[in-house]
Each structure stands twice: as structure tokens, then as C-alpha cells.
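Take the sequence shown: its letter number 320 is residue 1047 in the working numbering, and every next letter is one higher. We put the CB at the ideal spot given by N, CA and C, even for glycine.
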Amino acid sequence: MTPAGADEWSRRAAEVAALRASGRWLRGPSTGLAVLERGAEEEAHERYLAFLLDPWGAHGLGAGPLAALLRRAGRPDLAADAAVLAEAVVEPLPAPRERRPGLVVVAPRFTLAVELRLRPGAAGQRWPAREFGHLPDPVLVQLTPSGRPTLSAAVRPVSLLDLARDLSAALAAPARAGGAREGRGRAVALDYLNALEDLLGMNPVDEPAARFWLTHVQEMTAARRAARELLAGLPERSHAVLDELASRLGEGLTVEWVEYESGDGTPHVAVLLGRVEWLAPGGPRCGFGLGQRLGPGADPDDPDAAPFVGFYCEDDRLREAVSAHFDRRPHGRHWARRALLPLRPEPRLPVLDGLARRVAESVAMGWREDGEVMERLRAAVSGGNEGS
């Protein structure tokens, strides 16, 4: 494949810019469940369902969602009884989740027990259907993404796809009262509909981005490979820039190239600036600088393998002291604190020059703001080590 030229990349960048300007290419989560990273948790979905199945809930949809589910479960007679539906109550379920349905709705003429299963491999009920045999006209439902058949003839399968369609139809109807509380409740119901569409692959929001990727996948794959190859030169370039920085920051500073293995045995390099005594051979070394994976190389798509900046420290006690002082969690056995290096290129500089300058800015800030603190902590730990 012939590499794309500068004009071709400019055209693609303009295409992305146009999509963003039109509001059709956005990133990040767009529902409450996604923001909380709970979109795959059945219990979180059950809480939304309990909200929707309450005929007097703040969603303002009345008994519509409950009636729709009863129709899907083969009980149109119950769905048509408005007086009975108006008296339905969603019961709290304090029992362990493994031994109960997801939620239960009790009404004078029926009891609706609903279990939700999101994972494809899950089968069967957590609770025996006979437990509801003594209740008035039990209606037992299992909700799954596809509405796959259940193991018991007493339990009716209903698909989340049908649930989403029914909820969409209910939300399309005009609001009943139009008050502020109902407006907020309908917004919650709409947010859950969006979460269901995400779960079921119905949401078209990302189609422009998907279309762009599928159109340019070969070139984008080549571009990713080129970026990884380019980043392999960042430690060397950063070493040169930090050498120049050391002479400007003051006397007694040096820059060292330190190779080490992370906890999983992956080779890394640290390019460090610090006092000469901090980086003296034979002792536990420490300093401000760049960390980057060797071996497979840096991967900008993987936060665990992307280049980072921070404070490197081989002494366990000093690493713990630094982390405690700055209220940071240490990262592995070598970094008392670290943050991913922003990789967006500077527009008017060669990529590596811009990234190396960013490393130098981070190191200079760390040295000016925290160099004396690190020296005090190091001296305190060194004194304690000598005393022991």
C-alpha cells in the first residue's frame, strides 16, 4: 500500500474537523450508566426498571411501561385493566440477589416477578417459579437482550429490544402534566432508553466515526504503526533535551539513562534528571523524568504502555515517603508518582521535538517546585537507613 501523502492526510483531517464542527463526532459516554461504568451491571438496570414499572413514578408515563411488559408476557387482559394497574406497587427486595428475581410488582389481581439476564451465557432462574405459586395470578418474566427461551414453561421470555421499543413509544406520547418533576423524570427514562440502545447496538451516534474508520482503516493502521515507530526515538531525544535543561537549572545536576523491568518483566527505560548523588552508580537512584516501555515499544492506544513522566525512585522507603507526602499512589516498584505524557503533537514542531520539549517542561516544573522536598525526604530516608 502506498503511504498517504501530506495532502491526503490534510484532507482526512479536514473531514474529521467537519464532522466535529457539525456535532456528529463526539467522544465519551452519553448516558448515566455509561458515565458510572455500570452499563453491564444487572442490578443497575433493575433499579431503572423498578423506576419505570411504578405507575405513579416521576417519569410521568403512568402505567404504560408496566402494561407494555404484561402484554409482552402474554397477559393483555391484565394490561387492559387500568384500575388494577393503578394500584400496582414495586416491592423492595432485601433478600440476597442470587436467590430472588430482579424485582417484583404486586397488584390486587396479579404479581409480576421480573429477572434480568444481560450476559449471553447465563441461563435459568435464580429463583424457583414455585415460590410464587401462592400469590395471586403470578406472571413470571425473564428479560434478556434477545428474549431467548427460558428453561421453565412457567417463565415468559421478553427481549430488551422489545422493552426499548415500548419505552420509546411511551416517551413519544405527550407529557401528562408537564410539570418540572415530570420533566426531570422523563429525562431519566429517556436516559435509560439511550442506555438500552447502547447495550443493544441500536444507537447510531457513532456511525460517522465508524464510517470514517472503515473507509480509511488501512491508512489509519499504517499511521498507528508509524506513530509507534516514531515514539521509539523519544527517550533518546528527551535525553538530549534534558542534558541542555540540566545546565540551565543549576550546578550539580545530571541526566542518566536507566533501564529496568516492570513488575510483569517488561523492559522499560527511565530518562532521569536529578542531583549527581541521586543518580550515582551503585546506590538506589531517583530523579524526575520520562518513563517508556522498551521491548514491544510504546503504545499510545494503551494507557499501561504509553510514555509517561514522573518521579523515579528505586528505594522502597523513599518511594513510599514521596507518595505519602504528595498523597499519590506509587506505581509499581520504580515510580513514586507518574502521569501520562500528552502525545498530541505541537503544530509547528517535528513530533519528537515537541514531545521532548513537553518532557523537559514537566521535569523543569517538578524540579523547581519539588526538588528541595525530594532532597529532604531522601536525606531523611538515607539517615534512617544508616542508623539501622
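- Put A900 into one of helix, strand or coil per three-state DSSP. coil
- Message: Report the start-end ranges of each beta strand (DSSP E) in the segment 985-1050 that is 3 residues or longer and not cut off at the edges.
- Response: 994-1002, 1013-1020 and 1035-1040
- Query: Would DSSP call S1109 helix, strand or coil?
  - Reply: helix
- From A1066 to L917, what distance separates their C-alpha atoms? 37 Å
- Message: Comparing C-alpha positions only, which one of L1017, Y987 and P1069 sits nearest to A967?
- Response: L1017
- Item | Element boundaries [beta strand (DSSP E), containing W1062] | W1062 to L1067
- By how many angstroms is the C-alpha of T948 removed from the C-alpha of A690? With the chain covering 728 to 1115 only, the question about residue 690 has no answer from this structure.
- Roughly how many whole angstroms lie between the Cα atoms of P1069 and A937? 25 Å
- Residues near P1030 in its chain [Cβ-Cβ closer than 7 Å; skip 5 each side]: L1067
- Message: My assumption, with CB atoms under 8 Å, is that V816 sits in contact with V833. Please give the rounded CB distance.
- Response: 5 Å
- Leaving aside the five residues before and after T981 along the sequence, list all residues of the same chain whose C-beta is less than 8 Å from its C-beta, in chain order. A973, L1000, G1001, R1002, V1003 and L1006
- Query: DSSP state of P865, grouped into three classes?
  - Reply: strand
- Drop a sphere of 10 angstroms on the beta-carbon of D1028, count the other beta-carbons inside from all chains shown, and report buried for 16 or more, exposed for fewer. exposed
- Can you give me the Cβ contacts of A1015 inside the same chain, cut-off strictly under 6 Å, excluding the 5 residues immediately before and after it? Per the sequence presented here, residue 1015 reads as Phe, with Ala not at that position. Only L1000, F1038, V1090, G1093 and W1094 meet the Cβ criterion.
- What residue does the beta strand (DSSP E) around E842 start on, and which one ends it? T838 to L843
- Message: Considering only heavy atoms of the ligand NAP, does any lie closer than 7 Å to the CB of P1069?
- Response: Of the ligands one can find in the structure shown there are none, so the ligand NAP has no counterpart to examine.
- Query: If you run the structure through DSSP and keep just helix, strand and coil, what is A806?
  - Reply: helix
- Task: Please list, in chain order, all residues of the same chain as R799 whose beta carbon is under 7 Å from its beta carbon, the five residues on each side excluded.
- Result: V885 and D889
- Query: So, is Q945 buried or exposed, given that buried needs 16 or more other C-beta atoms within 10 angstroms?
  - Reply: exposed
- Task: Can you grab the Cα-Cα spacing for the pair S1115 / H995, in whole Å?
- Result: Annotation note: pLDDT 45 at S1115 (below 50); position unreliable, coordinate value reported separately. Roughly 32 Å between the two C-alpha positions.
- Query: Nearest to H772 by alpha carbon, out of M1101, H943 and A891?
  - Reply: A891
- Message: Three or more C-beta pairs under 8 Å: does that hold for the segment 901-913 against the segment 859-878?
- Response: no
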